[in-house]
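What follows is a set of notes on a single structure, which appears directly below.
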Amino acid sequence: MEYNFREIEKKWQKRWVENKTYQVTEDETKKKFYVLNMFPYPSGAGLHVGHPLGYIASDIYARYKRLQGFNVLNPMGYDAYGLPAEQYAIQTGQHPAITTVNNINRYREQLDKIGFSFDWNREIRTCEPEYYHWTQWAFQKMFNSYYCNDEKQARPIQELIEAFSQTGTEGINVACSEELSFTAAEWNAKSEKEQQEILMNYRIAYLGETMVNWCPQLGTVLANDEVVDGVSERGGFPVIQKKMRQWCLRVSAYAQRLLDGLDTIDWTESLKETQKNWIGRSEGAEIEFKVKDSDLEFTIFTTRADTMFGVTFMVLAPESELVQQLTTDTQKDEVNAYLERTKKRTERERIADRSVTGAFSGSYAINPFTGEAVPIWISDYVLAGYGTGAIMAVPAHDSRDYAFAKHFGLEIRPLVEGCDVSEESFDAKEGIVCNSPREGVTPYCDLSLNGLTIKEAIAATKKYVKEHNLGRVKVNFRLRDAIFSRQRYWGEPFPVYYKDNMPYMIDESALPLELPEVAKFLPTETGEPPLGHAAKWAWNTVNKCVVENEKIDNITVFPLELNTMPGFAGSSAYYLRYMDPHNNQALVDKKTDEYWHNVDLYVGGTEHATGHLIYSRFWNKFLYDLGISVAEEPFQKLVNQGMIQGRSNFVYRIKDTNTFVSLNLKDQYDTTPLHVDVNIVSNDVLDLEAFKAWRPEYETAEFILEDGKYICGWAVEKMSKSMFNVVNPDMIVDKYGADTLRMYEMFLGPVEQSKPWDTNGIDGVHRFIKKFWSLFYDRNDNYLVTDEPATKEELKSLHKLIKKVTGDIEQFSYNTSISAFMICVNELFGMKCSKKEILNQFIIVLAPFAPHVCEELWETLGNAGSVCDAKWPVCNEEYLVENTVNYTVSFNGKARFNMEFPADAASDAIQTAVLADERSEKWMEGKSIVKVIVVPKKIVNIVVK
């Protein structure tokens with residue numbers, strides 16, 4: 001019987017749905033295992049072959065764990081809010097919900113064709129009110145919470161209100177935007193609005209002034225990863241830095257816990273290091289600098305207070321409020337022009353760019369250690385969100401300060417007289433503070449730092465700071481609070497209304513607050529977000545419902561928030577919702593959460609190494625504080641799959657003609673390389689007729705061939721529509737089958753590594769499956785399987801495979817597993833083995849990789865139920881013990897023939913047998929034996945002369 005993959009795959013995909021094969025419920029009699037993929041945004045382009053890579057890898061692992069007896073949760077859903085759908089709506093007028101549903105249907109069709117073991121009964125879509133109900137609920141909890149530094153957890157804001165009313169700010173140690181000080185009497189005397197404004201300083205979800213990436217043409221704030229080279233990734237529109245009042249989440253309060261949590265999870269060291277760098281913990285001191293001839297003063301944070309004596313200038317971030325206060329009249333034009341230029345650069349660009357720019361403010365600061373006046377400059381290499389947005393510059397010992405000082409001709413002063421000034425960062429140096437102090441030279445400071453190690457110098461200076469009341473010792477983090485507002489339509493609505501310009505939460509019982517209909521998806525004429533177009537977007541506090549805007553009276557009916565939440569809002573706790581997706585009373589039932597606990601294996605791309613993973617971990621820790629999540633870390637093990645890159649093809653057009661010359665002849669002509677659709681190229685040979693039909697301008701194309709063929713050039717590039725190198729998985733499935741696609745994607749290389757897609761090798765994997773099939777059926781459709789007992793060699797081949805694949809799956813080395821399958825099939829084929837005892841076990845081991853063909857052959861062998869419910873075989877090491885050993889027989893170090901001996905044969909017996917073998921006579925004739933060397937289980941070397 002022929003291997004008809006089309007009928008087989010259609011049959012089993014239908015059977016899996018009918019039998020609810022992949023639906024899972026909590027089962028206390030089984031150990032649980034939770035596998036999760038970073039869920040996709042459903043774009044209009046659908047999937048290309050790079051997208052399923054991680055899904056296939058995790059699906060293999062999920063199936064493997066199920067075969068090991070685990071109760072496996074393997075859900076899938078859609079991150080359904082996003083800017084692309086909104087932009088399409090703006091261009092076409094079609095509601096984003098329509099395009100999103102169409103795109104989801106397309107994705108689902110493609111995913112089903114590949115044969116994933118997803119439990120679709122648990123599907124979630126972030127754009128559905130039933131889902132974002134719980135995103136809004138979590139936001140309200142954050143709004144009504146503060147972070148207690150003493151207890152290291154979120155606490156109800158009501159506790160803080162009570163503390164303020166009784167003792168004011170005395171004795172409180174909480175996370176805040178700025179440190180405030182007031183008495184209980186002062187608090188109690190304030191109006192409701194004034195109290196609400198103060199509380200905003202402490203809430204975990206709060207309104208705050210912050211610098212954002214603002215795109216005027218899109219009319220919205222963009223995340224850093226949505227901006228490339230100063231323009232929006234979507235549309236390529238200019239992006240500027242702008243200060244706006246935005247909703248923020250106090251992620252920074254959890255910085256230390258986010259850092260500590262990395263020690264408890266199984267992530268790669270490189271990923272942990274990325275997170276550590278993003279969190280950016282540093283110990284140092286905050287020191288006050290007074291402004292010369294002014295009552296103003298400002299604070300800087302430094303990790304190297306010992307370098308205070310080498311300060312020769314100060315630098316403010318362009319966004320700092322101090323800039324306008326410190327800029328003198330004579331410097332205003334220069335400073336304003338500089339500020340205008342910096343607006344066009346994102347923080348990410350500023351960090352990466354090492355060029356030197358800046359403007360002098362005209363003011364001077366007094367160094368509290370030396371009493372010297374040093375100039376205050378403005379430069380975009382200083383970031384407003386890190387530390388205090390102001391730095392002291394020590395150019396002799398910091399590379400960026402050094403470059404700045406050299407560029408603007410500022411003083412470069414070593415910490416100690418006689419030090420060599422280097423462009424290398426002082427922070428990177430090891431050993432003593434001054435590498436070359438001259439004997440008897442007096443330091444610039446009252447402290448003698450000569451000969452101290454850096455650690456000792458820092459400690460000495462901290463002590464000096466405390467003793468002289470120059471500042472305070474502090475731990476600082478680079479991690480910033482998350483900007484949580486977007487000026488878009490297609491996103492989760494905030495459950496917030498405004499009374500007296502202050503935000504209040506709608507009643508929890510009224511959730512979800514659903515996204516309203518709007519006439520336009522663009523900002524309003526007055527610059528409000530798209531929700532400003534909604535005619536019915538006001539909150540009735542009495543009836544707890546949305547009413548028409550015209551009913552707003554600011555007594556019982558108030559305006560609702562016009563911003564929506566960002567994309568990461570819906571993806572920050574979705575793993576919890578998958579545990580209990582149909583619960584309309586809670587985000588997740590406590591008992592259900594206790595069963596699934598957390599994600600055992602999380603698979604996704606490295607592009608989420610900071611943003612998503614930081615936000616998810618923060619969100620989960622907050623819910624853990626509330627007693628909602630039972631595990632503080634959401635993702636126990638994380639695997640980053642690599643990228644499948646496109647293999648582009650090129651044709652070479654002779655300039656000013658419509659003639660194309662083949663690759664190896666192109667150097668004879670003046671040609672221009674052009675990308676060509678890889679789907680009309682096979683093994684780098686162009687289908688000429690398909691090329692002519694591809695685009696109208698090529699209809700009359702002529703070709704200069706080599707050996708009757710047009711050979712295309714090629715290159716490995718990012719898979720992209722613009723490069724015509726996108727390969728649709730549907731085409732591969734239609735031509736070779738889903739099992740071939742699954743195995744080939746894994747065969748391309750290690751899961752974690754990026755690799756090029758090359759269709760040229762897919763035939764080999766397809767031939768393997770057909771060869772495996774031929775162990776069951778011959779070309780005449782005869783059934784070959786017998787009940788004969790297996791031989792030792794057959795069992796050895798099988799158990800060698802079991803051992804190899806089991807180890808490979810645990811290490812995600814799927815590519816070497818597939819090589820092992822091919823070797824084993826070749827061995828069984830050579831032994832003409834079609835024995836049920838062997839094939840039954842082989843099917844189970846292959847099933848995670850190629851589930852469709854394995855289900856079919858499992859049924860063919862007469863097994864009941866699905867192969868998914870079989871038991872993963874255990875390697876029997878006894879079958880792998882070698883009974884005989886193949887020795888290479890050499891004469892004077894040159895191999896001449898081989899001989900088989902029992903594995904326990906003695907060296908004397910081996911020597912005697914080799915010398916007695918008639919083949920040895922040829923190499924010993926006329927010569928005498930000097931010695932015989934037997935290397936156990938390897939070689940016999942006879943030295944003759």
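FYI, full-length UniProt numbering numbers position 693 of the sequence shown as 693, with every residue one higher than the one before it. Glycine residues also receive a C-beta, built at the ideal position from the N, C-alpha and C atoms.
Asked: The segment 878-891 in contact with the segment 792-799 per 3-pair CB rule at 8 Å; Found: yes
Asked: Residues that DSSP places opposite P696 in a beta bridge; Found: Paired residues: none, contrary to the question.
Asked: Closest residue to P216 among H51, R234, N201, L207 (Cα-Cα distance); Found: R234
Asked: Boundaries (first-last residue) of the beta strand (DSSP E) holding Y498; Found: 496-499
Asked: Cross-strand partners of W377 (DSSP beta bridge); Found: V315, F360
Asked: Sub-8 Å separation of L271 and N598 beta-carbons; Found: no
Asked: Burial state of I844, where buried means 16 or more other Cβ atoms lie within 10 Å; Found: buried
Asked: Cβ-Cβ distance between M200 and E123 below 8 Å; Found: no
Asked: Endpoints, the beta strand (DSSP E) within which L638 is located; Found: 638-640
Asked: Cα-Cα separation, F118 to A586; Found: 23 Å
Asked: The ligand FAD heavy atom lying under 7 Å from the CB of S813; Found: This structure lacks the ligand FAD, and indeed carries no ligand of any kind.
Asked: Other residues of its chain near A482: CB distance less than 7 Å, five sequence neighbours each side excluded; Found: C248, L249, V251, Y615
Asked: Distance, I366 Cα to V315 Cα; Found: 13 Å
Asked: Cβ contact (3+ pairs, closer than 8 Å) linking the segment 488-496 and the segment 524-537; Found: yes
Asked: Inter-stretch contact (C-beta, 8 Å, three-pair minimum) for the segment 709-722 and the segment 635-651; Found: yes
Asked: N876, DSSP secondary structure in three states; Found: coil
Asked: Alpha carbon of L801 to alpha carbon of T791, nearest angstrom; Found: 16 Å
Asked: Whole-Å CB distance - I910 paired with V940, under 8 Å assumed; Found: 6 Å
Asked: Coarse secondary structure for K835, derived from DSSP in three states; Found: strand
Asked: Distance, I376 Cα to K591 Cα; Found: 59 Å
Asked: Alpha carbon of L626 to alpha carbon of S774, nearest angstrom; Found: 59 Å
Asked: Cα-Cα separation, L73 to N620; Found: 19 Å
Asked: The segment 205-219 / the segment 182-193 touching (three or more Cβ pairs under 8 Å); Found: no
Asked: Through-space distance from Q256 to T357, alpha-carbon basis; Found: 34 Å
Asked: Local conformation of C545 per DSSP, three classes; Found: strand
Asked: Extent of the continuous alpha helix (DSSP H) run through Y777; Found: Looking at the DSSP string, Y777 is not in any alpha helix (DSSP H), and its letter there is neither H nor E.
Asked: Contact the segment 33-49 vs the segment 95-107: 3+ CB pairs below 8 Å; Found: yes
Asked: Every unbroken alpha helix (DSSP H) inside the segment 148-206 [4 residues or more]; Found: 157-167, 184-188, 192-199
Asked: DSSP state of L470 mapped onto helix, strand, coil; Found: coil
Asked: Stretch pair the segment 567-586 + the segment 536-551: three plus CB contacts closer than 8 Å; Found: no
Asked: Residue-level contact to chain C via CB, P156, 8 Å cutoff; Found: Absent here is chain C; the protein component of the structure consists of one chain.
Asked: CB-CB length for W134 against R577, believed under 8 Å; Found: 6 Å
Asked: Under 8 Å between C-beta atoms of S232 and V221; Found: no
Asked: Chain-order list of residues whose beta-carbon lies under 8 Å from that of T524 (same chain, five-residue window excluded); Found: P530, G532, H533
Asked: Beta-carbon proximity list for I90, same chain, < 7 Å, skipping 5 on both sides; Found: F521, L522
Asked: Contacts around N19, its chain only, beta-carbon distance under 8 Å, and the 5 residues preceding and following it disregarded; Found: S866
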